[in-house]
Each structure stands twice: as C-alpha cells, then as structure tokens.
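The structure appears below as structure tokens.
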Amino acid sequence: MTIKSMFDYLKTTWTDYIQPMMRRPRRLQVAALCFRRTGEEGCQILLITSRGTGRWIIPKGWPITGRDAPGSAMQEAWEEAGLLRGRVEQEPVGSYFYDKTYNSGFALPVETLVYAVEVGELADSFPEASQRDRAWFTPAEAAERVNEPDLKTILRNFS
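The working numbering numbers the first residue of the sequence shown as 119 and each following residue consecutively.
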C-alpha cells in the first residue's frame, strides 16, 4: 500500500465513519414567532433581546414536560416577551439550527422548531421584563436583526 492510498483510506475512514459517530446529536428547542397584523403593511414581528449578549432573537426554549411543542412555545413567549393572549399554529412554520454556546465554551447543536403566534395582548409586567427589550419590526427588518441564517429566511418569507 502506498502512502497516498493509506492517507486516502484514513481520510475516508475518519470523515465517513468516525467523525459522524463523535458528533453530539442535536437537541430540540421550540420558538414562538410572535406577530400582529398591520393592515396595508401586512404584519409585524416581535423580537426580544437575549439576556446574555443583547442580540435580537425570538422567544425560545426547551420543551416543557406536560406540554406539547406549541404549548411550550407559548410558555416561552409569556416568560420572555410577555404574551398574555395569542393564537398559536399547531404546525411549525419552519426550523433553524444553531450552536448554543455555554460560558464554559461548550457548544451544543440545537434544532429549533418555530411556531407562528398571532399576538392578542402583551403584558407590561412579565417574568423576564427587566432582563430583555422587545420591539416590533417588519419581517424584512426582523430578518436583518437576527443572526441565524435559517431564521433570517423564515422571517423574510413570513407573511
């Protein structure tokens, strides 16, 4: 066996067999794409700031025991954005992927299912009100403010 063929064998073995087994499986989160209808403009999307970096995001979190995925998304919308009343779609409008990075530097791959929620009423006082800002944006503006490429696409295409 030549050195080149041995190298090719090792490279193939690594990329096709070993490396995939070493990847962590993706964890699942749920998110609420909170929106309101605005007549001629179509709709506006509610974004909130993250607690850690202050970047613009949509409310999201881990599924909650005893609730289905849309119900978990509604709970996150209450805790993080103050959603009092709203109507959630039962099927996700899309999903996006990102790596959740912890303070230790550990990164966890996450798939986030996004559920559309038509906002009926927002509260001024809610669990994370002192830790976050919230603002309404057009879908195009919201897409420009978030970091995740797949979420940008979901927001741009939302109507």
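Virtual Cβ for every residue (Gly too), placed ideally from N, Cα, C.
Check                                                                                                        : Outcome
Buried or exposed (CB count within 10 angstroms, at least 16 for buried), T156                               : exposed
DSSP bridge partner residues for L146 (one or two, in chain order)                                           : E229
Cβ-based burial, M220 [other Cβ within 10 Å; buried from 16]                                                 : The identity of residue 220 in the sequence shown is Tyr, whereas the question assumes Met. Per the 10 Å Cβ criterion, exposed.
Reduced DSSP category for S248 - H, G, I as helix; E, B as strand; rest coil                                 : helix
Inter-residue Cα distance where the pair is A193 and C161                                                    : Before going on, a small fix: residue 193 reads as Gln here, not Ala. Computed Cα separation, rounded: 22 Å.
Helix, strand or coil at E209 according to DSSP, with G and I counted as helix                               : coil
Sequence-distant residues of its chain with Cβ nearer than 8 Å to R144 (five each side left out)             : F215, P227, V228 and E229
Exposure of S190, with buried meaning 16 or more beta-carbon neighbours within 10 Å                          : buried
One or two residues paired with W254 in a DSSP bridge                                                        : L164
Neighbour flag for M192 against chain B, beta carbons, 7 Å                                                   : Annotation note: the requested chain B is absent from the structure, which comprises a single protein chain.
Integer Cβ distance of V211 from F153, believed to fall under 8 Å                                            : Between F153 and V211 the Cβ distance is about 10 Å, and since that is not below 8 Å, they are no contact.
Per DSSP, cross-strand counterpart(s) of Y214                                                                : T230
Contact check, L164 vs V232, beta carbons under 7 Å                                                          : no
Sequence-distant residues of the same chain with beta carbon closer than 6 Å to A241, five excluded per side : G200 and L202
Contacting residues, own chain, Cβ-Cβ under 8 Å from T167 (five flanking each side not counted)              : R173, W174, I175, R250, D251 and R252
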